[in-house]
Structures are given as C-alpha cells and as structure tokens.
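Peer 1: Numbering (this note's numbering), first residue to last: 4 to 121.
The C-beta atom is built at its ideal place from N, Cα and C for all residues, glycine as well.
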Amino acid sequence: MLTNRITIDIDGNFFVFVHSFIRCLILFSKVPRYRKTSKGYHLWIYLDRLITEKELYKYRLLLFDDRKRVKLDMRCRLKPKQVLFDEKKITEFDGKNVRVIKHQVFPCCVTTVKRTGE
C-alpha cells in the first residue's frame with residue numbers, strides 16, 4: 004500500500020502536540036493541518052510523494068501518534084484505516100435534554116459547531 008497522507012492522533016498534552024507540529028515542519032517542510040478534539044489534537048499532512056506502509060508507521064511514531072492506534076493498524080491484515088474523521092457527531096446531556104452537536108472540519112482547518120435537535 005502506498006499513500007501520501009499521514010494522520011496523527013495526540014491525546015492530552017499540548018506540549019506533545021507542539022513538538023509533533025514542529026517535527027512535521029522539520030521532516031516535511033510543510034505546515035500540517037490540525038484541529039483540537041475533546042481529548043487532544045489531530046494533525047494530518049499531505050506529502051508530495053507516496054510512502055510505503057512501513058514508512059507511514061515510522062513517521063506516525065516519530066510524530067507521537069497514539070502508540071495503541073499504530074499497533075492496531077500494524078496488526079491489521081487489511082489496508083490500515085487511519086481513523087480521523089472529517090465529521091464527528093457528539094451528544095450532550097444537560098440534565099434535561101439530549102442535544103446532538105456536530106463538528107465539521109473545513110479545508111482551512113477551522114472547526115465550527117452546529118447544534119441541532121433543540
């Protein structure tokens with residue numbers, strides 16, 4: 004499998020996110036796209052060349068991707084699916100009502116929140 008896309012899932016620590024962001028700049032001379040999630044950060048970068056599956060895992064580990072996620076992808080016998088969603092649905096309960104909150108990521112990496120079901 005060849006790909007030109009690397010996705011990174013960083014849970015929690017802001018400083019790990021910054022370190023990963025800087026490593027992207029150094030390794031690829033590109034600014035990665037990113038967004039804040041409820042647990043941490045997602046980064047993704049599109050390369051100018053195709054890389055092998057082995058290179059993909061190497062870069063994901065170098066960029067501090069979630070190690071459990073990388074191990075699961077490495078064990079997968081099928082094509083590894085990098086799971087960073089362009090759209091995610093989250094429910095919110097305020098003690099009385101359940102609301103669906105929909106996060107969308109646009110190409111400029113701006114995250115907007117739409118509330119539905121009120």
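Using DSSP with H/G/I as helix, E/B as strand and the rest coil, what is L75?
Peer 2: Locating residue 75 in the sequence shown gives position 72, where the first residue counts as 1. Three-state DSSP puts L75 in a helix.
Peer 1: When you compare only the Cα positions, how much space is there between V19 and F67?
Peer 2: Position 16 of the sequence shown, counted from the start, is the residue given in the question as residue 19. Position 64 of the sequence shown, counted from the start, is the residue given in the question as residue 67. About 7 Å.
Peer 1: Between D53 and T6, which are expected to be in contact by the criterion C-beta below 8 Å, what is the C-beta distance as a whole number of angstroms?
Peer 2: Here residue 53 is taken as the residue at index 50 of the sequence shown, counted from 1. Here residue 6 is taken as the residue at index 3 of the sequence shown, counted from 1. Checking the displayed sequence, the identity of residue 53 turns out to be Leu instead of Asp. About 7 Å; that satisfies the 8 Å criterion.
Peer 1: Work out the CA separation of T10 and T55 for me, nearest whole Å.
Peer 2: As a position in the sequence shown, residue 55 is number 52, starting the count at 1. As a position in the sequence shown, residue 10 is number 7, starting the count at 1. C-alpha separation (whole angstroms): 14 Å.
Peer 1: Measuring alpha carbon to alpha carbon, tell me which residue in F17, Y49, V21 is nearest S41.
Peer 2: On the sequence shown, position 38 is the one that residue 41 refers to. Of the listed residues, the one whose Cα sits closest to S41 is F17.
Peer 1: Identify whether L59 lies in helix, strand or coil by the three-state DSSP scheme.
Peer 2: The count along the sequence shown starts at 1 and reaches residue 59 at position 56. L59: helix per DSSP, three-state reduction.
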